[in-house]
Amino acid sequence: NAGVTQTPKFQVLKTGQSMTLQCAQDMNHEYMSWYRQDPGMGLRLIHYSVGAGITDQGEVPNGYNVSRSTTEDFPLRLLSAAPSQTSVYFCASHPGLGGDEQFFGPGTRLTVL
Amino acid sequence: LAKTTQPISMDSYEGQEVNITCSHNNIATNDYITWYQQFPSQGPRFIIQGYKTKVTNEVASLFIPADRKSSTLSLPRVSLSDTAVYYCLVAGGANDYKLSFGAGTTVTVRA
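Written as structure tokens, this is what we have:
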């Protein structure tokens, strides 16, 4: 089991560019989510999914889009990158709601110039 | 979603026990208390979860008093490799999915 994988590990964008952060899990979990972590801060929820075809907004959704066409994959799209989106992005999956254990990927470090 | 409060940082020395207390005054009946550990440049990792009283695993113990308005994560005999950020989360309801991690507690273990 690879668990949760994320690509790329590092990315530098220019303001206004778009890109997609990839996330995949092989644990057959229904629930997946995207977080961002800014320096010295905790993780803030961007978007989440409760199953294929079902997504919803988290705490900081502006500037990001998601879709969930399969159980395994949950890509995060930056529509028009801004310096304020410079952050480390973590994808997580878990089998259930609320307090269930979340399994995190290794993260993508994004810099927007 | 119950709000949690935990210390920003704690210092310790190798071999000592570290206790981190998390306050969650508005915890709901169906909420569980979960602790995660995060090393630099890695995603958080689940440590332990409990509902009431005491839970122990190979990594830590979790103490929860009867009123459940706080919880204490205990790390026995810490080593340098326990230096990390520790997050306390309270959640559990069927609609309780929008989880966000607070700033956590940065534990620094010194030789």
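Residue numbers (my numbering), protein chains in the order written: chain A, 670 to 782; chain B, 6 to 116.
Glycine is no exception: its CB is placed at the ideal position from the N, C-alpha and C atoms.
Because the structure is a prediction, the values reported are computed rather than measured.
1. Candidates A/S749, A/K678 and A/D725: which alpha carbon is nearest B/L104's?
2. Just to check my reading of the structure: A/L782 and A/K678 have Cβ atoms closer than 8 Å, yes? What is that Cβ distance to the nearest angstrom?
3. Do A/C692 and A/G776 have their C-beta atoms within less than 8 Å of each other?
4. Would you mind telling me which residues of chain D sit closer than 8 Å to B/D16, beta carbon to beta carbon, in chain order?
5. Less than 8 Å separating the beta-carbons of A/S718 and A/Y700?
6. From B/C27 to A/H763, what distance separates their C-alpha atoms?
7. What's the gap between the Cα of A/S702 and the Cα of B/T88?
8. Measure the Cβ-Cβ separation of A/N670 and A/M710 and say whether it is below 8 Å.
9. Should A/G722 go down as buried or exposed, given a rule of 16 or more other Cβ atoms within 10 Å for buried?
10. How many Å lie between A/V757 and A/T689 at the Cα?
11. Taking the C-alpha atoms as reference points, what is the distance between B/Q54 and B/K74?
12. Excluding five sequence neighbours on each side, which residues of the same chain lie with their C-beta closer than 6 Å to the C-beta of B/R115?
Let me lay it out:
1. A/D725
2. Actually they do not touch by this definition, with Cβ atoms about 18 Å apart.
3. no
4. Chain labels in this structure do not include chain D; the protein chains are A and B.
5. yes
6. 23 Å
7. 26 Å
8. no
9. exposed
10. 14 Å
11. 15 Å
12. Y18
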